[in-house]
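The structure under discussion appears below in the form of structure tokens.
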Amino acid sequence: MRGYYKKWFWPLALPGLILFAAVVLVPFLIGLLYSFTAWRGTYFVGGSVWTSFVGLDNYARIFQSWQFVHALVYTLKFTAIAVVVVSVSALLLALMLDFAGKRVGAFRTVFFLPNLLGGLALGFVWQFIFQNVFTLLFGENGLNLPFLTNMTQDTTKNLFALVIMVTWQMAGYMMIIFVAGLNNIPRDLYEAGALDGAGGWKRFRYITLPMLMPSVTIVLFLTLAGCLKLLDQNVALTNGSFNTSMLSLQILRTVRYTQPPDYGQAQAQAVVFFVLVAIIGLAQVYITKKKEVDA
Amino acid sequence: MNVNSRNRHYARKKWTVVAAVLTLGASLLSGCGSREAKAPTDYDFYIFNGKTENAEALDKVVDRYEQETGLTVKVFSLGTTDSAETLRAEMNSSGKPAIFSTNIGGVTEWAESGAILDLNDASDPELKALAEDVPEALRLSVDGTQNYGIPYNIEGYGLIVDTRMVRDLFGDDQTQPFLDDFQAATYDEFETLVNAVGDYIAAGTAPSVKLNGRSYAFASRKTELTSRLTGVFAEAGAEKWTYGDHMGNMALNAVFGSAVVARTATEEQVDELQAPLAKLARTLDLYSTHAAGPDGPMERGPSYINSTTASYDVSVQLFSSGKALFIKQGNWVYPNIAKLNTDILPTLTFLPIKLPLEQSDIQVDGLTVEKFNRSVPEFVPSYYAINAKVTPREQELAQQFLVWLNTSEKGRQAIVEDFQFIPYNVDDTVKFDNALNNSLIQYKLDGDTLSNPFNGSPAGGGYWGQEVLGSILQERYYNRAGAWTADDYETIAREAVQGWKDVMY
Numbered sequence: 227m228r229g230y231y232k233k234w235f236w237p238l239a240l241p242g243l244i245l246f247a248a249v250v251l252v253p254f255l256i257g258l259l260y261s262f263t264a265w266r267g268t269y270f271v272g273g274s275v276w277t278s279f280v281g282l283d284n285y286a287r288i289f290q291s292w293q294f295v296h297a298l299v300y301t302l303k304f305t306a307i308a309v310v311v312v313s314v315s316a317l318l319l320a321l322m323l324d325f326a327g328k329r330v331g332a333f334r335t336v337f338f339l340p341n342l343l344g345g346l347a348l349g350f351v352w353q354f355i356f357q358n359v360f361t362l363l364f365g366e367n368g369l370n371l372p373f374l375t376n377m378t379q380d381t382t383k384n385l386f387a388l389v390i391m392v393t394w395q396m397a398g399y400m401m402i403i404f405v406a407g408l409n410n411i412p413r414d415l416y417e418a419g420a421l422d423g424a425g426g427w428k429r430f431r432y433i434t435l436p437m438l439m440p441s442v443t444i445v446l447f448l449t450l451a452g453c454l455k456l457l458d459q460n461v462a463l464t465n466g467s468f469n470t471s472m473l474s475l476q477i478l479r480t481v482r483y484t485q486p487p488d489y490g491q492a493q494a495q496a497v498v499f500f501v502l503v504a505i506i507g508l509a510q511v512y513i514t515k516k517k518e519v520d521a
Numbered sequence: 002m003n004v005n006s007r008n009r010h011y012a013r014k015k016w017t018v019v020a021a022v023l024t025l026g027a028s029l030l031s032g033c034g035s036r037e038a039k040a041p042t043d044y045d046f047y048i049f050n051g052k053t054e055n056a057e058a059l060d061k062v063v064d065r066y067e068q069e070t071g072l073t074v075k076v077f078s079l080g081t082t083d084s085a086e087t088l089r090a091e092m093n094s095s096g097k098p099a100i101f102s103t104n105i106g107g108v109t110e111w112a113e114s115g116a117i118l119d120l121n122d123a124s125d126p127e128l129k130a131l132a133e134d135v136p137e138a139l140r141l142s143v144d145g146t147q148n149y150g151i152p153y154n155i156e157g158y159g160l161i162v163d164t165r166m167v168r169d170l171f172g173d174d175q176t177q178p179f180l181d182d183f184q185a186a187t188y189d190e191f192e193t194l195v196n197a198v199g200d201y202i203a204a205g206t207a208p209s210v211k212l213n214g215r216s217y218a219f220a221s222r223k224t225e226l227t228s229r230l231t232g233v234f235a236e237a238g239a240e241k242w243t244y245g246d247h248m249g250n251m252a253l254n255a256v257f258g259s260a261v262v263a264r265t266a267t268e269e270q271v272d273e274l275q276a277p278l279a280k281l282a283r284t285l286d287l288y289s290t291h292a293a294g295p296d297g298p299m300e301r302g303p304s305y306i307n308s309t310t311a312s313y314d315v316s317v318q319l320f321s322s323g324k325a326l327f328i329k330q331g332n333w334v335y336p337n338i339a340k341l342n343t344d345i346l347p348t349l350t351f352l353p354i355k356l357p358l359e360q361s362d363i364q365v366d367g368l369t370v371e372k373f374n375r376s377v378p379e380f381v382p383s384y385y386a387i388n389a390k391v392t393p394r395e396q397e398l399a400q401q402f403l404v405w406l407n408t409s410e411k412g413r414q415a416i417v418e419d420f421q422f423i424p425y426n427v428d429d430t431v432k433f434d435n436a437l438n439n440s441l442i443q444y445k446l447d448g449d450t451l452s453n454p455f456n457g458s459p460a461g462g463g464y465w466g467q468e469v470l471g472s473i474l475q476e477r478y479y480n481r482a483g484a485w486t487a488d489d490y491e492t493i494a495r496e497a498v499q500g501w502k503d504v505m506y
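Shown next as structure tokens:
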């Protein structure tokens, strides 16, 4: 087998590598270069890449924009809350499925379904729910919970509206990963634990959780990256009104709110955004990987 | 292999991959910069149309042109809001459009890139003459010296009213006098009228009002039509462009005579917006306190800006079903009303939007308060421009098409009948079935028009109107109940001025 891979490694890997290079790596490198120029989307100020070179100007201007800083903080706040809520909900759903008996397939499908809806469609559905259903349900004539009314008309409330929506969408998918992880834990570990007198909580804490760490790594990574890069739902729900732009939307707006469109500036923002996502993602994988144990 | 040599082996391989990628990248990069104009093979020239309103009609018209000339023309249409990015992609591709649409906001980009042909240098003498005939106030330019495009059409907006509603409020013989006197009326008279109509809707009776000094008494009984009214204005609180851009444009008209003047404004000029903007806020206060809802007045608060209860469509619906006396909209709303209620189409007309300005607030030469308050903004929303970066043959053919469209009998017919557009060089021979178009033509022939300086506000109108003025109003004033004070008017104006100055460059 090893010989097979050795011999066929390049023929098998090459198509993927070429595609990756052509649609990800090369554009990324070009983008990196453009972030140091006065690029306007269809042309460079002064005529060519080299004449429009502005050094670190675009980067220096990033943090002078309060909109960008606000979007950055908003994105980090949202991600911190959403990652916890999504992972915990997904884990609870997965554990609950253990008790679902014969209907486990049906439940799994239902929980997974929201994930099939596109972000924009989902956003508009939830916009209606937040604006009308929630406002009626939790309004003065209903359960009187003002925090849950008109959630899309306030910076903080909208943060939680996004969390609710993203949890509904992503938890089912993450649940599937946890279910697979749970199924891989050998039953005899639990039997041994039970014989030693470990109760339900202790078995979860000392057997399930450590054995589930590989799944936790994946789930955390996917939710982290997904939440940091969230765009469609943000556009559909508020489109940035009430200072609710997250980073992706803010970067898109940079070219709309400048004329001629300042693509160089937006590109520099995108590079900063990439570095941020990369650092957070890698740090998380590094930390959770260390906690993984072998059976 | 020992560990060291294996590492070196991988290192070498890694560098091979990196080198390959860089070579590929460099070749792509050089490709971007030097994409030469190449003659297209499957069409003679290409029109990128950034206006959806005439998308289908343009296809038909181009078909006719193809039959007449034997040429093959590629047409691609896309709506105004999404078209900018797509147009940029097309301009970067090897199949560049020969004719593209742009406007007073987008022109700086194409002028700087060199992709737009100054029609003063057009190779076709007929097109050059046509461009020279475009009235100076309607020309597409960066700083007033160039002439970059041929206007698509003229659009305008104001307070749309169903004259039958006026008839039922004030009596049949009073309808035409009312419309004439309304146009000439002062803001204070307008304000009194609005309050009185509000009282009449609520109580069925109101004292008579004066317009242009003449008295108008309300009908003693509500009719079937007037009993539908729930408010004076059909407002769309969820749509920042309706108040940020278009009402904001009213205030800008007091200081800037055109979009080009607004674009090149100094800080001192922007400061002069303070008074007109505060007076605009007072006007918007009046509008929003008299807003119509589906079953009664629509009050300011969360539902006033809710996109399911206060969208553009909802506001058009409210007006079309007779719940509001006025809707502040443009002639583009006509097809939407036609879908909802064809009965009111023949009796629609435009009345001017008024602001409580004083002469000292107005900085535009020759503009008086009286003139301001009797005029409606009319402007060119889009222009046809020639791409200087396609082959000379394509440029030549594109110019011939524009000449045909704007000067030939068939072309003129296409603009008026197929596109349903008001030609930029309209005269009194042009008549539409569309009453709103006819109303705009009348204002234009009378010379009672204002301009579109909002298209010269920061980011070519793409930023300030909605994201500064619109956001302040929507997120801090329309969304809460309670009265606005004179201080509120000043605050709205001050922050809107500051928001403009923050992004001046």
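Chain order of the listed sequences is R and B.
Last residue of the first sequence? That's 521 in this note's numbering, and every number before it is there in order.
Last residue of the second sequence? That's 506 in this note's numbering, and every number before it is there in order.
Using N, Cα and C, we set each Cβ at its ideal position, and we do this for glycine too.
Since the model is a prediction, treat every value here as computed from it, not as a measurement.
Which of the three DSSP states is assigned to residue i in this structure?
i: V142 (chain B); result: For clarity, residue 142 (chain B) is Ser in the given sequence; the question names Val instead. Coil, per DSSP.
i: G419 (chain R); result: helix
i: S114 (chain B); result: helix
i: T290 (chain B); result: helix
i: R215 (chain B); result: strand
i: T265 (chain B); result: coil
i: G159 (chain B); result: strand
i: I506 (chain R); result: helix
i: E1 (chain B); result: Nothing can be reported for residue 1 (chain B): it is not among the residues displayed for chain B, which extend from 2 to 506.
i: T301 (chain R); result: helix
For residue i versus residue j, is the C-beta distance shorter than 8 Å?
i: V76 (chain B); j: I48 (chain B); result: yes
i: F46 (chain B); j: E395 (chain B); result: yes
i: N307 (chain B); j: A239 (chain B); result: yes
i: A276 (chain B); j: F234 (chain B); result: no
i: L395 (chain R); j: N460 (chain R); result: Residue identity check: residue 395 (chain R) is Gln in the sequence provided, not Leu. Not in contact: Q395 (chain R) and N460 (chain R) (Cβ atoms no closer than 8 Å).
i: G157 (chain B); j: E468 (chain B); result: no
i: F422 (chain B); j: N93 (chain B); result: no
i: L463 (chain R); j: G349 (chain R); result: yes
i: S471 (chain R); j: R482 (chain R); result: no
i: R89 (chain B); j: T268 (chain R); result: yes
Any idea if residue i is buried or exposed, counting beta-carbon neighbours within 10 angstroms, 16 or more meaning buried?
i: C33 (chain B); result: Its pLDDT being 47, under 50, C33 (chain B) is placed unreliably by the model, and nothing is read from it.
i: Y230 (chain R); result: exposed
i: N154 (chain B); result: buried
i: W208 (chain R); result: The structure shown does not extend to residue 208 (chain R), since chain R is modelled only from 227 to 521, so the question has no answer here.
i: P426 (chain R); result: Checking the sequence, you will find Gly at residue 426 (chain R) rather than Pro. Exposed.
i: W276 (chain R); result: exposed
i: Y425 (chain B); result: buried
i: T206 (chain B); result: exposed
i: F246 (chain R); result: exposed
i: K517 (chain R); result: exposed
i: F360 (chain R); result: buried
I believe residue i touches residue j by the beta-carbon criterion, under 8 Å. Please report the beta-carbon distance rounded to the nearest angstrom.
i: G257 (chain R); j: L339 (chain R); result: In fact, because the Cβ distance is near 36 Å, the residues do not count as touching under 8 Å.
i: A255 (chain B); j: D362 (chain B); result: 5 Å
i: V312 (chain R); j: V392 (chain R); result: 7 Å
i: D429 (chain B); j: L446 (chain B); result: 6 Å
i: Q476 (chain R); j: Q293 (chain R); result: 6 Å
i: L352 (chain B); j: F183 (chain B); result: 5 Å
Looking at chain C, is there any beta carbon in it that lies within less than 8 Å of the beta carbon of residue i?
i: M92 (chain B); result: The chain inventory of the structure shown lacks chain C, comprising the protein chains R and B.
- Message: Is it the case that the region 220-228 of chain B contacts the region 331-338 of chain B, given that we only count it when at least three CB pairs across the two stretches are under 8 Å?
- Response: no
- Query: Do the region 422-433 of chain R and the region 344-360 of chain R touch if we need at least three Cβ pairs shorter than 8 Å?
  - Reply: With a cut-off of 8 Å, the region 344-360 of chain R and the region 422-433 of chain R do not count as touching, because too few Cβ pairs lie within range.
- Decide if the region 296-310 of chain R is in contact with the region 144-163 of chain B; the criterion is three or more beta carbon pairs, one per stretch, under 8 Å apart. No: the two stretches stay apart, fewer than three of their Cβ pairs being nearer than 8 Å.
- Could you tell me whether the region 486-498 of chain B touches the region 458-478 of chain B, where touching means 3 or more Cβ pairs closer than 8 Å? yes
- Query: If you pair each beta-carbon of the region 281-293 of chain R with each one of the region 500-511 of chain R, do three or more pairs fall below 8 Å?
  - Reply: no
- Is it a yes or a no for the region 477-491 of chain R touching the region 370-387 of chain R, going by three-plus beta-carbon pairs under 8 Å? no
- Task: Please determine if the region 247-267 of chain B and the region 454-464 of chain B are in contact, where contact requires at least 3 C-beta pairs separated by less than 8 Å.
- Result: yes
- Message: Contact between the region 160-179 of chain B and the region 125-140 of chain B is defined here as three or more beta-carbon pairs at a separation below 8 Å; is this criterion met?
- Response: no
- Message: Count Cβ pairs between the region 480-492 of chain B and the region 273-290 of chain B that sit closer than 8 Å; are there 3 or more?
- Response: Yes, since at least three Cβ pairs between the region 480-492 of chain B and the region 273-290 of chain B fall closer than 8 Å, the two stretches touch.
- Query: Quick check: the region 359-375 of chain B against the region 308-324 of chain B, are there 3 or more CB pairs under 8 Å?
  - Reply: no
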